[in-house]
Amino acid sequence: RGVTEDKTVIKYRRITGKVVNTADMKPISGSIISFNNPLKNKSVGTLTDGEGKFILDSIPVVVKKITVVDVSKNKSKEIELNEEDNILIKMD
Numbered sequence: 010r011g012v013t014e015d016k017t018v019i020k021y022r023r024i025t026g027k028v029v030n031t032a033d034m035k036p037i038s039g040s041i042i043s044f045n046n047p048l049k050n051k052s053v054g055t056l057t058d059g060e061g062k063f064i065l066d067s068i069p070v071v072v073k074k075i076t077v078v079d080v081s082k083n084k085s086k087e088i089e090l091n092e093e094d095n096i097l098i099k100m101d
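Structure (structure tokens):
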């Protein structure tokens with residue numbers, strides 16, 4: 010490993026949540042939750058499970074939004090992140 014000049018400590022956070030349908034509050038499984046990692050300049054993502062739940066680990070705190078894609082309806086939505094580490098995402 011080379012020694013980097015940058016001494017900035019990168020802080021990370023972990024977001025957990027659930028994606029549901031706004032109309033009936035039923036979970037949406039197989040949705041894609043992703044964010045763009047500016048440090049690696051690539052998109053990182055995960056899928057919701059059978060209960061619509063997801064875990065996103067190692068999100069740099071500089072990341073302020075995540076994208077949710079409801080694959081079944083081919084709809085996407087940007088979610089602004091705040092201090093909450095557990096979020097409920099409602100998809101129309």
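Taken in order, the sequence shown gives residues 10 to 101; the numbers are from this note's numbering.
Using N, Cα and C, we set each Cβ at its ideal position, and we do this for glycine too.
Exercise for the section: Tell me whether Val53 sits in a helix, a strand or coil according to DSSP, three-state version. Expected result: Val53 carries a strand assignment under DSSP once its states are collapsed to helix, strand and coil.
Exercise for the section: Go ahead and label Leu65 buried or exposed: buried means 16 or more other beta carbons lie within 10 angstroms of its beta carbon, across all protein chains shown. Expected result: With 16 or more Cβ atoms within 10 Å of its Cβ, Leu65 is classed as buried.
Problem - Status (buried if at least 16 other CB within 10 Å, exposed otherwise) for Ile37 - result: Note on Ile37: 16 or more other CB atoms within 10 angstroms of its CB, so buried under the neighbour-count rule.
Handout entry: Environment of Ser40 [buried if 16+ CB atoms lie within 10 Å]
Key = So Ser40 ends up on the buried side.
Problem - From Glu92, Lys74 and Asn95, residue whose alpha carbon lies closest to that of Lys86 - result: Lys74
Exercise for the section: Answer yes if the stretch 14-34 comes into contact with the stretch 56-65, meaning at least three C-beta pairs across the two stretches below 8 angstroms, and no otherwise. Expected result: yes
Problem - Option in Asp94, Val80, Thr76 and Lys84 with minimal Cα separation from Val70 - result: Asp94
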